[in-house]
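When you line the sequence shown up against the numbering used here, it's residues 3 to 540, in that order. Heads up: the structure comes next, in structure tokens.
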Amino acid sequence: MEREKKQVWKHWTVIKKDKNKKHPRAQCNYCRQKVFERAIPKRMQNHLDKCSDAPDNAKSPKTRHNFGSYLNEEEQKPFKLLLNKALTLVEMLSSYPSAVQWYQKDAENGNVFAQYFLGKCYENGDGFEKDEYKAFEWYKKSAEKEYSKAQCRLGFFYKNGVGTEKDLEEAFNWYQKAAENGCKEAQYNLGLCYINGDGIEKDVNEALKWYKKSAEQEHNEKQNKLGYFYNYGIGTDEHSKAFYWNQKAVENGDEKAQYNLALCYEYGDGIEKDEAKALEWYKKSAEQGYTDAQDSLGTCYRNGIGTEKDLEKAFYWYQKAAENNECKEAQYNLAVCYENGIGVEKDEVKAFELYKKLTEEEYSKAQNKLGYLYENGIGIEKDLEAAFCWYQKAAENENKFAQYNLGACYEDGVGVEENKVKALEWYKKSAIQEYSKAQSQVGSFYKNGIGTEKNLKEAFYWYERAAKYGDKYAQYNLGVCYEVGIGVKKDEVKAFKWYKKSAKQGYTDAQAQLGFFYKYNLGREKNLEETFYRYQKV
Numbered sequence: 003m004e005r006e007k008k009q010v011w012k013h014w015t016v017i018k019k020d021k022n023k024k025h026p027r028a029q030c031n032y033c034r035q036k037v038f039e040r041a042i043p044k045r046m047q048n049h050l051d052k053c054s055d056a057p058d059n060a061k062s063p064k065t066r067h068n069f070g071s072y073l074n075e076e077e078q079k080p081f082k083l084l085l086n087k088a089l090t091l092v093e094m095l096s097s098y099p100s101a102v103q104w105y106q107k108d109a110e111n112g113n114v115f116a117q118y119f120l121g122k123c124y125e126n127g128d129g130f131e132k133d134e135y136k137a138f139e140w141y142k143k144s145a146e147k148e149y150s151k152a153q154c155r156l157g158f159f160y161k162n163g164v165g166t167e168k169d170l171e172e173a174f175n176w177y178q179k180a181a182e183n184g185c186k187e188a189q190y191n192l193g194l195c196y197i198n199g200d201g202i203e204k205d206v207n208e209a210l211k212w213y214k215k216s217a218e219q220e221h222n223e224k225q226n227k228l229g230y231f232y233n234y235g236i237g238t239d240e241h242s243k244a245f246y247w248n249q250k251a252v253e254n255g256d257e258k259a260q261y262n263l264a265l266c267y268e269y270g271d272g273i274e275k276d277e278a279k280a281l282e283w284y285k286k287s288a289e290q291g292y293t294d295a296q297d298s299l300g301t302c303y304r305n306g307i308g309t310e311k312d313l314e315k316a317f318y319w320y321q322k323a324a325e326n327n328e329c330k331e332a333q334y335n336l337a338v339c340y341e342n343g344i345g346v347e348k349d350e351v352k353a354f355e356l357y358k359k360l361t362e363e364e365y366s367k368a369q370n371k372l373g374y375l376y377e378n379g380i381g382i383e384k385d386l387e388a389a390f391c392w393y394q395k396a397a398e399n400e401n402k403f404a405q406y407n408l409g410a411c412y413e414d415g416v417g418v419e420e421n422k423v424k425a426l427e428w429y430k431k432s433a434i435q436e437y438s439k440a441q442s443q444v445g446s447f448y449k450n451g452i453g454t455e456k457n458l459k460e461a462f463y464w465y466e467r468a469a470k471y472g473d474k475y476a477q478y479n480l481g482v483c484y485e486v487g488i489g490v491k492k493d494e495v496k497a498f499k500w501y502k503k504s505a506k507q508g509y510t511d512a513q514a515q516l517g518f519f520y521k522y523n524l525g526r527e528k529n530l531e532e533t534f535y536r537y538q539k540v
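Here it is as structure tokens:
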């Protein structure tokens with residue numbers, strides 16, 4: 003048993019090994035798509051037994067030489083005799099090379115399946131010396147006779163430059179042929195081509211179509227991918243289907259699918275919202291080592307989602323996810339814990355170090371935070387010029403919060419010479435990304451002619467956008483626009499409505515104005531009791 007456990011490792015590439023962790027991260031040498039975050043021999047062998055790209059010598063004794071597993075039922079029927087002959091020969095002679103020679107003879111006589119298997123033998127070095135060029139030749143012979151498995155493999159060779167020059171257009175063409183001939187692997191790979199724009203123009207709708215075809219053939223990884231598309235509305239707005247496809251993939255214990263299923267329960271995509279079940283599935287996925295799930299589990303414990311708040315557990319799971327060094331969000335959340343003393347003793351210097359480490363990977367969220375720490379002297383000596391530099395880096399990486407902060411630096415001359423024109427420019431970049439504070443600020447710049455000429459219609463436009471996102475200052479200013487007629491026709495009813503929204507959020511100017519409206523019966527019927535209450539609030 004121990005020997006078998008050791009043997010399985012030669013079929014995998016260890017991507018990352020940590021002496022402090024029992025299980026490393028590993029990738030299958032054959033399909034090159036399956037990656038285990040926590041590589042455990044039993045799970046690795048289970049994958050190899052199912053992997054259509056894995057050679058015979060990678061499979062366990064139960065499945066070894068079972069070439070029929072590469073074919074669907076329809077493909078097997080006319081070639082039953084061929085397969086039985088090969089299996090009989092292997093059993094009788096216990097000689098894999100003899101079976102290979104038999105396949106070679108049949109391949110030379112034009113048998114498409116034998117040509118395909120011969121290609122696999124050359125690709126993996128089974129019965130012959132490994133030769134990717136010869137593998138390519140035999141796959142091509144089989145593919146040209148419309149055998150979908152060979153067409154799919156040919157697509158892989160062209161895509162990765164194996165046994166031939168890399169050619170993404172040719173890869174796409176062969177994946178397409180195989181996909182149209184019903185090969186689920188090719189359907190998935192064709193979806194990837196459309197997602198990444200490999201050999202074809204990017205098209206998420208086409209990608210979704212081919213992922214769906216592959217998933218409908220009960221392919222676990224593809225069901226998970228399809229669930230992901232429905233989760234995030236990529237190429238579709240049918241979120242209700244996310245739950246169905248994620249659940250299909252979950253049945254096979256896939257940790258990514260478990261994570262996506264948790265998302266469905268947390269946000270009510272395709273199923274009634276159930277935060278307790280979301281927590282349950284995040285936990286299952288997290289315990290399998292999936293870092294995104296570990297990070298989400300930390301957030302559940304931090305905010306009391308589906309469970310009571312438990313800050314120590316939140317810290318534990320953030321730390322667990324951050325150890326992988328791949329989940330930047332978890333590393334960021336770990337720094338937040340140190341900055342604010344969440345589940346761990348407060349340590350602003352440690353927080354600063356963690357944020358700084360993240361900035362080395364161009365993580366804009368951390369770059370923006372570093373600007374904030376320098377601006378306010380948290381965990382580091384106050385340095386306004388450094389604050390400006392970090393806000394600028396993050397802003398150039400399209401972080402909308404940093405773009406707003408950079409605008410504020412230019413407006414007030416923080417770490418840089420005051421420049422209202424540039425302030426407006428950066429506020430506007432942030433506003434276009436739907437950050438309501440920036441939208442409100444852009445409205446004020448246009449209203450008062452700061453950094454630009456006065457434009458009351460533009461001012462109204464930006465106040466309205468920000469107000470709809472719930473910004474209390476924009477709601478108040480929108481009320482003013484409607485009351486006075488700034489960039490829009492006067493409308494006291496609408497003015498009253500927006501003053502009330504802002505007042506409910508505790509903005510005192512809005513509360514005072516609302517009291518005035520009640521007192522003089524503006525925008526509604528007179529209500530002296532309400533007037534007294536509003537003025538008293540102020």
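Note that beta-carbon positions come from the ideal geometry of N, C-alpha and C, so glycine has one too.
Inset, instruction - Kindly list the residues whose CB is nearer than 6 Å to the CB of A264, restricted to its own chain and excluding five residues on each side of it in sequence; keep chain order. - result: A280, W283, Y284
Legend entry - Cβ-Cβ separation, S432 to G409 (assumed contact under 8 Å), whole Å: 7 Å
Legend entry - Test item: CB-CB of K449 and A461 under 8 Å: In this structure, A461 lies closer than 8 Å to K449 by Cβ.
Inset, instruction - Taking only the alpha-carbon atoms, compute the straight-line gap between A514 and E413 and give it to the nearest angstrom. - result: 29 Å
Inset, instruction - Would you check if there are 3 or more beta carbon pairs closer than 8 Å linking the stretch 142-158 to the stretch 127-134? - result: Touching, no.
Legend entry - Residue interval of the beta strand (DSSP E) (run including A28): 27-30
Legend entry - F174 - containing alpha helix (DSSP H), residue span: 170-182
Legend entry - Cα-Cα separation, F268 to N191: Looking at the sequence itself, residue 268 is Glu, so the reference to Phe does not match. Answer to the nearest angstrom: the Cα atoms are 30 Å apart.
Inset, instruction - Over the uninterrupted alpha helix (DSSP H) stretch that includes Y340, give me the two end residues. - result: 330-342
Inset, instruction - Going by DSSP, name the residue or residues bridged to V37. - result: Q29, per the DSSP bridge assignment.
Legend entry - C-beta atoms of Y484 and D493 nearer than 8 Å: yes
Inset, instruction - Name the two residues that bound the continuous alpha helix (DSSP H) containing K115. - result: First, the amino acid is wrong: residue 115 is Phe here, not Lys. For F115, the enclosing alpha helix (DSSP H) has its first and last residue at 114-126.
Legend entry - Rounded C-alpha distance that separates K330 from T361: 10 Å
Inset, instruction - Output the boundary residues of the alpha helix (DSSP H) element that contains P57. - result: Segment: none, P57 is in no alpha helix (DSSP H) and carries neither H nor E.
Legend entry - Secondary structure of T15, DSSP reduced to three states: strand
Legend entry - Where N407 falls, given that 16 or more other Cβ within 10 Å makes a residue buried: buried
Inset, instruction - Could you check the C-alpha separation between K352 and A337 for me, to the nearest Å? - result: 8 Å
Inset, instruction - Measure the C-alpha to C-alpha separation of K430 and K491 and round it to an integer number of angstroms. - result: 25 Å
Inset, instruction - Check Q9 in the structure and name its three-state DSSP category. - result: helix
Legend entry - Proximity winner among E314, G165, A324, relative to K348 (alpha-carbon distances): E314
Legend entry - Alpha-carbon to alpha-carbon, I382 and A404: Straight-line spacing of the CA atoms in A404 and I382 works out to 19 Å.
Inset, instruction - Just the C-alpha distance for Y303 and K122, rounded to the nearest angstrom, thanks. - result: 49 Å
Inset, instruction - Quick one: measure Cβ to Cβ for K168 and Q189, integer angstroms, because I've assumed they're closer than 8 Å. - result: With a Cβ gap of about 22 Å, K168 and Q189 do not count as contacting.
Inset, instruction - Starting from the C-beta of L356, find all residues in its chain whose C-beta is less than 7 Å away, skip the five residues before and the five after it, and write them out in chain order. - result: Q333, L336, A337, Y340
Legend entry - For N401, the first and last residue of its enclosing alpha helix (DSSP H): N401 -> no alpha helix (DSSP H), and no H or E assigned at all.
Legend entry - Extent of the continuous alpha helix (DSSP H) run through Y284: Unbroken alpha helix (DSSP H) run through Y284: 277-289.
Inset, instruction - Determine the direct distance from the alpha carbon of C185 to that of G193, and round the result to whole angstroms. - result: 12 Å
Legend entry - Assigned exposure category for N198 - 16 Cβ within 10 Å defines buried: Classification of N198: exposed, given that the 10 Å Cβ count is below 16.
Legend entry - Pick from Q394, G373, Q290 that is closest to A323, judged by C-alpha positions: Q290
Inset, instruction - Note down the Cα distance separating T15 from D256, rounded to an integer number of angstroms. - result: 20 Å
Legend entry - Alpha carbon of F38 to alpha carbon of Q9, nearest angstrom: 17 Å
Legend entry - Simplified DSSP state of Q435, which is helix, strand or coil: coil
Inset, instruction - Report, in whole angstroms, the separation of the C-beta atoms of K136 and Y124, which I expect to be a contact under 8 Å. - result: 4 Å
Inset, instruction - Could you check what DSSP says for L524 in three-state terms: helix, strand or coil? - result: coil
Legend entry - Supposed close pair Y376, D385 - CB separation, criterion 8 Å: 5 Å
Legend entry - First through last residue of the alpha helix (DSSP H) which encompasses I380: It is not in any alpha helix (DSSP H) - I380 carries neither H nor E in the DSSP assignment.
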